[in-house]
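Here the structure is laid out as structure tokens; the discussion comes afterwards.
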Amino acid sequence: MIRMRRILASIGVIAILFAYSGMVFASGGAGISPDEALAKLVDGNTRFVEGKQAQKDVGNNRRTELTKGQQPFAVILSCSDSRVPPEHIFDQGLGDIFVVRVAGNVADSIELGSVEYAVEHLGSPLILVLGHQMCGAVKATVAGGKPEGNIGSIVKKIEPAVKKAKAQVKDKDKVLDAAILENTKNTAAALTQKSAIIKHLVEEKKVKIAAGVYNMSTGKVELVEAASSGKAESSHESSHEHAHAEHSHAGH
Ligand SMILES: [Zn+2]
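In our numbering, the protein residues as written are 6 to 257.
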């Protein structure tokens, strides 16, 4: 009888533990809003620019704590460039940000799937697309020519931005910066154009998409409008996206 009671008590404790962990993970993200998440990134970048990085716990305790699960408060889709490491630029520690890095910060199905996983399953409330000054992938696309091997797939994704930049900017020296900006916006637009999961979460205001360009000289990330100002590659998709972006922007 006593033995039976003990067993029942243990089952009760286990059930409570399960309920508790479910509660913790169901809340998603870090339990903060998209705007609060963006403010955290902006604050972190300010600390980085000023050389006043916060003391971060990257030791055994934090690592062990994170074996229970992750709740990154933001997803960063950035270039692989060694000079642009998001954890440093935004002064964040272990488990804080979910980073997808690919040359030229483009978004194809693999990158979109990674972002979808973070917003859908980990509950991250913010996606920031990060372009950067002097991006080699964009520079190669501006230069033109036939890229070797698989690099062509990246160049192809950047081409619409370069085309638009060349049409808009007359000064040759400014084409690269304009193309970097357009490419960043195009990727931000692709998140909702090419992913029904992200689009749905943005419409529900559970997720916000932001875009920024990293200035190598100052260390500052300049936030830009996530929606492209003009027409994108596909007129049907872009007009749809444009209306949608304006709609979501009006809510903030
Ligand atoms: Zn780059």
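Backbone N, C-alpha and C fix where the C-beta goes; we use that ideal spot for every residue, glycine too. Since we're looking at a predicted model, the values are computed, not measured.
When you compare only the Cα positions, how much space is there between residue i and residue j?
i: P165; j: Q198; result: 15 Å
i: V63; j: V54; result: 21 Å
i: A108; j: N191; result: 15 Å
i: T72; j: L127; result: 14 Å
i: E212; j: N155; result: Going by the sequence as given, residue 212 is Val instead of Glu. Taking the straight line from one Cα to the other gives about 32 Å.
i: L117; j: D176; result: 34 Å
i: E4; j: N50; result: Because the chain is modelled from 6 through 257, residue 4 falls outside the range shown and cannot be assessed.
i: M28; j: G149; result: Caution is warranted here: a pLDDT of 37 is assigned to M28, below 50, making its placement in the model unreliable, and the coordinate value is therefore given only provisionally. Roughly 52 Å separates the two Cα atoms.
i: K45; j: S38; result: 11 Å
i: S253; j: K204; result: Residue placement at S253 is flagged as unreliable, the pLDDT there being 39, under the threshold of 50; the coordinate-derived value follows with that caveat. Whole-angstrom Cα-Cα distance: 11 Å.
i: S87; j: V207; result: 30 Å
i: A193; j: N65; result: 36 Å
i: G56; j: V229; result: 23 Å
Would you check if the distance between the CB atom of residue i and the CB atom of residue j is smaller than 8 Å?
i: P77; j: S129; result: yes
i: A215; j: A231; result: yes
i: V160; j: T146; result: yes
i: R67; j: G36; result: no
i: A201; j: E187; result: no
i: A59; j: D113; result: no
i: N110; j: T189; result: yes
Would you please state the rounded distance, in angstroms, between the beta carbons of residue i and residue j? I believe it to be under 8 Å.
i: I132; j: V80; result: 5 Å
i: H137; j: V89; result: 5 Å
i: G217; j: E227; result: 6 Å
Taking residue i as the reference, which of the options has the closest Cα?
i: F103; options: G136, L82, A148; result: L82
i: K225; options: D178, H93, A59; result: H93
i: C140; options: I185, S38, R106; result: I185
i: G100; options: E208, E70, V207, A193; result: E70
i: L221; options: P91, K57, R106; result: At residue 221 the sequence reads Met, which differs from the Leu that was named. Among P91, K57, R106, the Cα nearest to that of M221 belongs to P91.
i: R106; options: G56, V174, C84; result: C84
i: I115; options: S158, A142, K151, E153; result: S158
Could you check if residue i belongs to the surroundings of ligand 2, using beta carbon to heavy atom distance under 7 Å?
i: G224; result: For the structure depicted, ligand 2 is absent and the ligand set comprises only ligand 1.
For this session: Please list the segments of the alpha helix (DSSP H) lying wholly inside the region 115 to 198, counting only runs of 4 or more residues, in order along the chain.
Result: Listed in chain order, the alpha helix (DSSP H) runs fully inside the region 115 to 198 are 141 to 148, 156 to 173, 180 to 198, counting runs of at least 4 residues.
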